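Asks:
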Amino acid sequence: MTNFNIAITSDNVCPWCYVGKNKLERGISLYKSAHPSSSDTFTTTWLPFYLNPAAPKIGVDKRSYYKSRFGAEKAAMIIDRLAAVGKDAGINFSFGGKIGNTRDSHRLVELGKTKGPDVQTRIVEQLFKSYFEQEGDITSHEVLRHAGVRAGLEEEEVRSWLESDKGGEEVDKEVAEAQIRGVSGVPNFVLQGKYEIGGAQDADAFVKVFEKVKEMEES
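Using UniProt numbering, read the sequence shown as starting at 1 and increasing by one per residue.
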């Protein structure tokens with residue numbers, strides 16, 4: 001039996017990270033279908049990254065932010081491309097709402113980490129869904145609290161965690177460690193601590209690495 005350990009460096013306002021998450025899950029499903037009698041397991045750990053460390057702590061209009069950062073024409077092209085890619089990945093991207101600093105959302109993911117990999121992944125999933133499909137404000141503690149509760153956490157624990165700075169030191173340290181490792185873009189996937197997949201690649205790319213890991217362990 002192989003336990004595939006997958007470390008995923010991601011930012012909660014990165015659309016390609018949401019796409020990459022779905023591609024990874026598709027890859028896992030394909031691998032399991034190809035090995036129906038296998039007892040192999042998959043464990044994911046989510047690590048933080050700041051696409052824009054200087055993003056405002058109070059959310060600003062997402063479309064206006066895209067235009068100011070990329071220019072109106074490029075922003076429109078990005079939105080159109082993501083809409084098409086998202087549809088293929090089962091994501092209904094919506095580009096209204098607000099964007100801003102992601103440190104508090106990463107602190108929430110850090111809380112999930114203390115509860116185990118399944119809870120942490122559910123939190124990431126809820127944050128992606130809220131921000132990208134429901135136009136939730138990633139800087140809003142109310143939005144973050146609801147995401148935590150939907151992922152199975154106790155509301156008062158989430159509230160208390162967010163109102164403090166718990167998890168903040170860990171998040172900042174992990175972001176710095178990602179930079180030291182040379183991570184300059186996300187999503188970034190590392191299997192077994194050494195096999196890297198950069199970007200939101202197709203599910204087949206993950207299957208190939210799973211097969212390689214399995215072959216190496218059995219040789």
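Glycine included, C-beta positions come from ideal geometry on N, C-alpha and C.
Owing to the predicted nature of the structure, the values given are computational and were not obtained by experimental measurement.
Count the other CB atoms within 10 Å of the CB of E163; is the residue buried (16 or more) or exposed (fewer)?
Replies: On the sequence shown, position 163 is the one that residue 163 refers to. Burial call: exposed.
Asks: Closest by CA to N101, which one among S68, T114, H141?
Replies: Position 101 of the sequence shown holds residue 101. Checking every option, the nearest Cα to that of N101 belongs to H141.
Asks: Taking DSSP's pairing of strands, which residues face F189 in a bridge?
Replies: Indexing the sequence shown from 1 puts residue 189 at position 189. DSSP lists I8, I197 as partners of F189.
Asks: What is the DSSP secondary structure of T45, reduced to helix, strand or coil?
Replies: To locate residue 45, count along the sequence shown from 1; it is residue 45. Looking at T45 - three-state DSSP - the assignment turns out to be strand.
Asks: Measuring CA to CA, which of I180, I197, R181, M1 is closest to N188?
Replies: As a position in the sequence shown, residue 188 is number 188, starting the count at 1. Nearest of I180, I197, R181, M1 to N188, Cα basis: I197.
Asks: What does a CB cutoff of less than 7 Å around V85 pick up in its chain, not counting 5 residues either side in sequence?
Replies: To locate residue 85, count along the sequence shown from 1; it is residue 85. Result list for V85: V19, in chain order.
Asks: Measure from the alpha carbon of I138 to the alpha carbon of each residue in R107, W46, L30, N22, then state which is nearest.
Replies: For this step, residue 138 is matched to residue 138 along the sequence shown. The residue with the shortest Cα to Cα distance from I138 is R107.
Asks: Starting from I28, follow the alpha helix (DSSP H) in both directions and report where the run begins and ends.
Replies: Walking along the sequence shown from the start, residue 28 turns up at place 28. Unbroken alpha helix (DSSP H) run through I28: 15-34.
Asks: Could you pull the DSSP bridge partners for K98 from this structure?
Replies: For the purposes of this step, residue 98 is taken as residue 98 along the sequence shown, with counting starting at 1. D61.
Asks: Strictly by DSSP, which residues pair up with N3?
Replies: By 1-based counting over the sequence shown, the position of residue 3 is 3. In DSSP, N3 forms a bridge with T41.
Asks: By the 10 Å Cβ neighbour count, where 16 or more other Cβ atoms means buried, how is R103 classified, buried or exposed?
Replies: Locating residue 103 in the sequence shown gives position 103, counting from the first residue. Answer is buried; the Cβ neighbour count reaches 16.
Asks: Please report the Cβ distance between E155 and S94, rounded to the nearest whole angstrom; I am assuming they are in contact, meaning their Cβ atoms lie under 8 Å.
Replies: What you label residue 155 is simply residue 155 of the sequence shown in a count that begins at 1. What you label residue 94 is simply residue 94 of the sequence shown in a count that begins at 1. About 25 Å separates the two Cβ atoms, so there is no contact after all.
Asks: Cα separation between A54 and F42?
Replies: Numbered from its first residue, the sequence shown carries residue 54 at position 54. Numbered from its first residue, the sequence shown carries residue 42 at position 42. Their backbone Cα atoms lie some 34 Å apart in a straight line.
Asks: Taking C-alpha atoms, which residue in G148, K129, S64 lies nearest to K14?
Replies: Along the sequence shown, read from residue 1 onward, the residue named residue 14 stands at position 14. According to the sequence shown, residue 14 is Cys rather than Lys. The residue with the shortest Cα to Cα distance from C14 is K129.
Asks: Whole angstroms is fine: what's the gap from R81's alpha carbon to T2's?
Replies: What you label residue 81 is simply residue 81 of the sequence shown in a count that begins at 1. What you label residue 2 is simply residue 2 of the sequence shown in a count that begins at 1. Spanning the two alpha carbons is a distance of roughly 37 Å.
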